[in-house]
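Under the UniProt record's numbering, the residue at position 20 of the sequence shown is numbered 20, and the numbers go up by one with no gaps. This report concerns only the one structure given below.
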Amino acid sequence: MYTSLLNVKQAISVERKLIDYLKTYIDHDCHHPTPPTHLLALCCPALRSSYEKEEADLPKLEDLQGAAQGLMRLQDVYVLQVASLIRGLFQRVTEGQPIDIYRPAVSVPLSGDDCFLVGKVYILTDH
1 MYTSLLNVKQ
11 AISVERKLID
21 YLKTYIDHDC
31 HHPTPPTHLL
41 ALCCPALRSS
51 YEKEEADLPK
61 LEDLQGAAQG
71 LMRLQDVYVL
81 QVASLIRGLF
91 QRVTEGQPID
101 IYRPAVSVPL
111 SGDDCFLVGK
121 VYILTDH
């Protein structure tokens, strides 16, 4: 399995666990006549603690920067169209026509934040 796919699966798993933790606290609120402000005071440290335990499985900034550098390397080596990469496609222009180099089963476009990170990494690294 590709490392990036594994990271996404781990992030989704972490989010599911956090949602489950939140549901537990909401259920606690429904069954106990505790004032909401007191319940919030009780829940916030527990939620923060749960998040910190799960946070270790999320990709770090260095992982994202490495992915951005890898994407830039692919673009340089295979002369891929930037506009296509943003749409999640791997294409280059040959004789004025876009040609698919690789078409993933599921195409995931880059978000504005993704594009910003790639641009930032490009500017801050020797390329």
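Virtual Cβ for every residue (Gly too), placed ideally from N, Cα, C.
As computed with DSSP, Q97 is found in a beta bridge with T94.
DSSP lists F90 as the beta-bridge partner residues of Y102. If you draw a 10 Å sphere on the C-beta of L22, you find fewer than 16 other C-beta atoms in it, and that means exposed.
The C-beta of L124 has fewer than 16 other C-beta atoms within 10 Å across all chains shown, which makes the residue exposed. Runs of the alpha helix (DSSP H) lying entirely within the region 61-89 and spanning at least 4 residues, in chain order: 61-78 and 82-86.
Selection L71, S13, G88 and Q65 evaluated against K53 yields S13 as nearest (Cα-Cα). Rounded to whole angstroms, P104 and A68 show a C-alpha spacing of 18 Å.
Boundaries cannot be given for L110, as no alpha helix (DSSP H) includes it and DSSP labels it neither H nor E. A straight-line Cα-Cα distance of about 29 Å links G88 and I19. For L117, the secondary structure class from DSSP, reduced to helix, strand or coil, is helix.
Sequence-distant partners of Q81 (beyond 5 residues in either direction) whose C-beta falls short of 7 Å from its own C-beta, in its chain, are Q91, R92, V93 and P98. Contact annotation: L71 and V108 have beta-carbon atoms that are not nearer than 8 Å.
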